[in-house]
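Engineer:
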Amino acid sequence: FVISPEQILQTAKDIGEPSVLNRAGGAPTLAVGIAHVFHKIIPMADMGFWYHFGILFEALFILTALDAGTRAGRFMLQDLLGNFVPFLKKTDSLVAGIIGTAGCVGLWGYLLYQGVVDPLGGVKSLWPLFGISNQMLAAVALVLGTVVLVKMQRTKYIWVTVIPAAWLLLCTTWALGLKLFSSNPQMEGFFFMAQQYKEKIAAGGELTAQQIANMNHIVVNNYTNAGLSILFLVVVYSIIFYGIKTWLNVRNNKVRTDKETPYVPVPEGGVKTSSHH
């Protein structure tokens with residue numbers, strides 16, 4: 001795309017910012033794109049309004065994603081670490097909860113920190129996977145929703161979850177396949193880019209030691225992304241396999257099978273936990 005200095009200045013003026021250059025991260029770029037699209041659809045509101053709407057939308061999305069991920073992640077981390085330190089499995093314990101939460105925050109915080117101190121590492125190196133993994137997570141949720149409907153004997157409604165799940169899986173699998181194996185330079189496929197940089201390193205030339213180190217870093221990043229991409233595919237399609245297996249096991253049942261344990265009412269005095277002992 002060819003962008004003139006006049007267009008850059010006009011864009012900054014339209015969104016009410018002194019400049020759109022050297023803005024950290026991709027959030028301002030996405031917000032400008034959102035502003036352009038929404039301004040064409042609803043021209044009554046100026047681009048400055050839609051630009052700040054986009055910034056707010058992104059902030060809310062990121063914060064809620066981190067919040068939900070940390071909440072779910074701390075339970076998984078506690079369950080994992082609880083195999084070695086049984087105390088950490090107590091989800092009703094404040095101390096165990098703080099340790100699990102701090103562990104999750106430390107994990108994603110480390111990626112952010114690395115993205116700041118290392119231009120080629122941390123969250124920046126994993127960014128290409130974010131969109132695909134996010135959509136795959138939505139597909140997994142829809143697959144699990146389908147299993148619940150089947151076990152509830154509500155098979156006539158499964159089209160509500162199956163159709164969007166199939167579409168998401170088709171799009172994300174195709175996109176991930178392109179990102180893995182495409183030799184189109186514009187696609188920047190992981191294996192293709194890794195091979196390109198390996199060839200540049202082998203060719204040598206007038207490369208400095210720092211440039212060679214950076215290229216090796218990029219090669220490792222691309223192989224890491226490729227490995228994680230394959231892992232995502234294996235996990236997602238394993239869940240689909242077990243979802244289909246569950247459906248085959250319960251398809252001939254005439255009663256609901258979505259309850260694995262009998263219902264137990266809560267006592268009038270409430271449930272006693274370890275903190276009450």
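First residue of the sequence shown: 1, per UniProt numbering; consecutive thereafter. The beta-carbon is built from N, C-alpha and C at its ideal position, and this holds for glycine as well. These figures come from a predicted structure and were not determined experimentally.
Which of the three DSSP states, helix, strand or coil, is assigned to T224?
Structural biologist: Assigned with DSSP and collapsed to three states, T224 falls in helix.
Engineer: My assumption, with CB atoms under 8 Å, is that I158 sits in contact with T146. Please give the rounded CB distance.
Structural biologist: Indeed, because the Cβ distance is near 5 Å, the residues count as touching under 8 Å.
Engineer: Using three-state DSSP, classify D92 as helix, strand or coil.
Structural biologist: coil
Engineer: When we look at the beta-carbon of N222 and count the other beta-carbons within 10 Å, is it buried (16 or more) or exposed?
Structural biologist: With 16 or more Cβ atoms within 10 Å of its Cβ, N222 is classed as buried.
Engineer: Would you report the Cα separation of A27 and P265, rounded to the nearest angstrom?
Structural biologist: 48 Å
Engineer: Near G121, what residues of its chain come up, given a Cβ to Cβ distance below 6 Å and the 5 sequence neighbours on each side ignored?
Structural biologist: Q114
Engineer: Just to confirm, is the Cβ distance from A139 to A165 under 8 Å?
Structural biologist: yes
Engineer: Please specify which runs of the alpha helix (DSSP H), each continuous and at least 4 residues long, are wholly inside the region 155 to 204, giving them in chain order.
Structural biologist: Taken in chain order, the complete alpha helix (DSSP H) segments of 4 or more residues contained in the region 155 to 204 are 159 to 181, 190 to 203.
Engineer: I believe A226 touches F190 by the beta-carbon criterion, under 8 Å. Please report the beta-carbon distance rounded to the nearest angstrom.
Structural biologist: 4 Å
Engineer: Within its chain, find whatever has a CB closer than 8 Å to the CB of I34; leave out the 5 residues flanking it on each side and keep chain order.
Structural biologist: W50, Y51, F53, G54, F57
Engineer: Using only alpha-carbon positions, find the residue among T155, T261, F232, P18 that is nearest to M136.
Structural biologist: Checked all of T155, T261, F232, P18; the closest Cα to M136 is F232.
Engineer: Does the beta-carbon distance from K89 to G82 come in below 8 Å?
Structural biologist: yes
Engineer: Verify whether the separation of the beta carbon atoms of V219 and A194 is less than 8 Å.
Structural biologist: yes
Engineer: Are the beta-carbon atoms of residue 283 and T91 separated by less than 8 Å?
Structural biologist: No answer is possible for residue 283: it lies beyond the span of the chain, which begins at 1 and ends at 277.
Engineer: Could you pull the start and end residues of the alpha helix (DSSP H) that V263 belongs to?
Structural biologist: Note that residue 263 is Tyr in the sequence shown here, rather than Val. No alpha helix (DSSP H) holds Y263; DSSP gives it neither H nor E.
Engineer: So, R256 versus M152, is the Cβ gap smaller than 8 Å?
Structural biologist: yes
Engineer: What is the rounded straight-line gap between the Cα of A12 and the Cα of V32?
Structural biologist: If you draw a straight line from the Cα of A12 to the Cα of V32, it is about 9 Å long.
Engineer: Compare the C-alpha of C104 against each of L80, P119, D258, K124 and name the closest.
Structural biologist: L80
Engineer: Closest by CA to G131, which one among A65, E268, T208, G48?
Structural biologist: A65
Engineer: Is it buried or exposed, V243, if we count other Cβ atoms within 10 angstroms and call 16 or more buried?
Structural biologist: Checking the sequence shown, residue 243 turns out to be Gly, not Val. Answer is buried; the Cβ neighbour count reaches 16.
Engineer: Whole angstroms is fine: what's the gap from V37's alpha carbon to P43's?
Structural biologist: 10 Å
Engineer: Going by other Cβ atoms of all chains shown within 10 Å of its Cβ, with 16 needed for buried, is L107 buried or exposed?
Structural biologist: exposed
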